[in-house]
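Asks:
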Ligand code: HAM
């Protein structure tokens, strides 16, 4: 037997309804906020991500699925959407048509990480990006949108962590100070952090190593290095979300794993998730669009991990399915009547009633059993007597009530089968 690739999983019919539920709830909320969907290819030229996310990040360094295609072009399965979306925005001159773009997406992403609970090599994200506003109200809109998305699926208990990385200049100043400090204690740092001291010192702040965490307690704090404009922007973001009734925790060590961020960064955490407790995150990326060949344009966005959202819903017993079981199962008493059953099914489906017909020519008893198993709300029995009299037997599977109805009353079936 051939197994699926490690870190990937099939979404079976039993659970696909939960995915539908999350995706359709998120789609509705996105539209409520004026966001439009954008879809891009699942693979891109590698440079979209190496230039966009940053060569020194773990994602680009260790986690990308990169390969040469048959024309020797380096291709990468998208590890995230922001860089790919910016590529699409620039290539399609979308900013010429509108100076402010509100976009959302939903789909699979690929990272070569060590699989564990809530961490996969193919996973799914919903994300939203607001492109074209420098102002703190755009940052606040992102957080309000995320909060509404969570509430739409019943998640109200989560932690929002926020921080500011400030402008490029203040971030540079901070990194210099941080490196100075960390060099003075270099021998005590973990091997990973020692390596990062050269390649990506900010990421040391994310270290999970206990000793590193102890050393970091004495490290300089980024918020002390913000210039006036950065501080004012961040204060306004905090004020706007506070006024909207959203709680947050200030975390000056939050830096996130992608290089394109500046100013506001944020993350959503849930205590029911275990080690991988972050189920979403984002921030501002005012330089990325120019970096990928577009006009200098400010932007802010976030992405949510759908597998982790489903885990939260499972743990908190809030999983819901979009109704997909049939409303009507047509039981055909003998194979000669199958043409009648198919005709009735066509009429019902025309009326948007979810209808299935037995295809295995089974006994009435077996068909009734199957109707029960698939969760049909009603059964219509098409039998010789019924056909002779121009009638149908309709059984309500919940109440077991059974009535005969003229076939001609099919026009009213919509009302009959509303459930
Ligand atoms: P990210 O923090 O790398 O941000 O990913 C966002 C979310 O995707 C994570 O919080 C997590 O829930 C989920 N995720 C990431 N990797 C995995 C994995 N291996 N398995 C399962 N879930 C995973 C970004 O991707 C940015 N593009 C967010 C953004 C949008 N920033 C600005 N705009």
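Numbering (my numbering), first residue to last: 133 to 551. Virtual Cβ for every residue (Gly too), placed ideally from N, Cα, C.
Express the C-alpha separation of residue 532 and residue 492 in angstroms, rounding to a whole number.
Replies: The alpha-carbon atoms of residue 492 and residue 532 are separated by roughly 24 Å.
Asks: Considering only their Cβ atoms, is the gap separating residue 215 from residue 242 smaller than 8 Å?
Replies: Against a cut-off of 8 Å, the Cβ pair of residue 215 and residue 242 comes out as no contact.
Asks: Starting from the Cα of residue 504, find the closest Cα among 458, 296, 343, 357 and give me that residue.
Replies: The option with the nearest alpha carbon to residue 504 is 458.
Asks: Please work out which residues of its chain come closer than 8 Å, Cβ to Cβ, to residue 424, disregarding the five sequence neighbours upstream and downstream, and give them in chain order.
Replies: Answer for residue 424: 180, 183, 184, 215, 218, 219, 222, listed in chain order.
Asks: What separation, rounded to the nearest whole angstrom, lies between the Cα atoms of residue 204 and residue 391?
Replies: Cα to Cα, residue 204 sits roughly 28 Å from residue 391.
Asks: Going residue by residue through the segment 209-263, where are the continuous beta strand (DSSP E) segments of at least 3 residues, counting only ones entirely within it?
Replies: Counting whole runs of 3 or more residues, the segment 209-263 contains the beta strand (DSSP E) stretches 233-242, 254-263.
Asks: Which runs of the beta strand (DSSP E) spanning at least 3 residues fall entirely within the segment 500-530, listed in chain order?
Replies: If we require 3 residues or more, the beta strand (DSSP E) runs fully inside the segment 500-530 come out as 510-514, 523-528.
Asks: Around the C-beta of residue 161, are 16 or more other C-beta atoms found within 10 angstroms, so that it is buried, or is it exposed?
Replies: Classification of residue 161: buried, given that the 10 Å Cβ count is 16 or more.
Asks: Can you tell me whether residue 291 is helix, strand or coil according to DSSP?
Replies: Note: residue 291 maps to strand in three-state DSSP.
Asks: Tell me, please, which residues DSSP counts as bridged to residue 416.
Replies: 394, 432, per the DSSP bridge assignment.
Asks: Grab the span of the beta strand (DSSP E) containing residue 534 for me, first residue to last.
Replies: From DSSP, the beta strand (DSSP E) with residue 534 extends over 534-538.
Asks: Where does residue 437 sit, in a helix, a strand or coil, going by DSSP?
Replies: Strand.
Asks: For residue 553, does the count of other Cβ atoms within 10 angstroms reach 16, so buried, or fall short, so exposed?
Replies: Because the chain in this structure spans residues 133 to 551, residue 553 falls outside the shown range and cannot be described.
Asks: Got a sec? Which residues, its chain only, sit under 8 Å from residue 472 by beta carbon, not counting five neighbours each side?
Replies: Within the same chain, residue 472 has close Cβ partners 464, 514, 519.
Asks: Less than 8 Å between the beta carbons of residue 461 and residue 535, yes or no?
Replies: No.
Asks: Along the chain, where does the alpha helix (DSSP H) containing residue 176 start, and where does it finish?
Replies: Premise fails: residue 176 lies in the beta strand (DSSP E), 175-177, not in any alpha helix (DSSP H).
Asks: Taking buried to mean at least 16 other C-beta atoms within 10 Å of its own C-beta, is residue 233 buried or exposed?
Replies: By the 10 Å Cβ count, residue 233 comes out buried.
Asks: If you run the structure through DSSP and keep just helix, strand and coil, what is residue 199?
Replies: It is a strand residue.
Asks: Mapping the DSSP letters down to three states, classify residue 378 as helix, strand or coil.
Replies: If DSSP states are grouped into helix, strand and coil, residue 378 belongs with coil.
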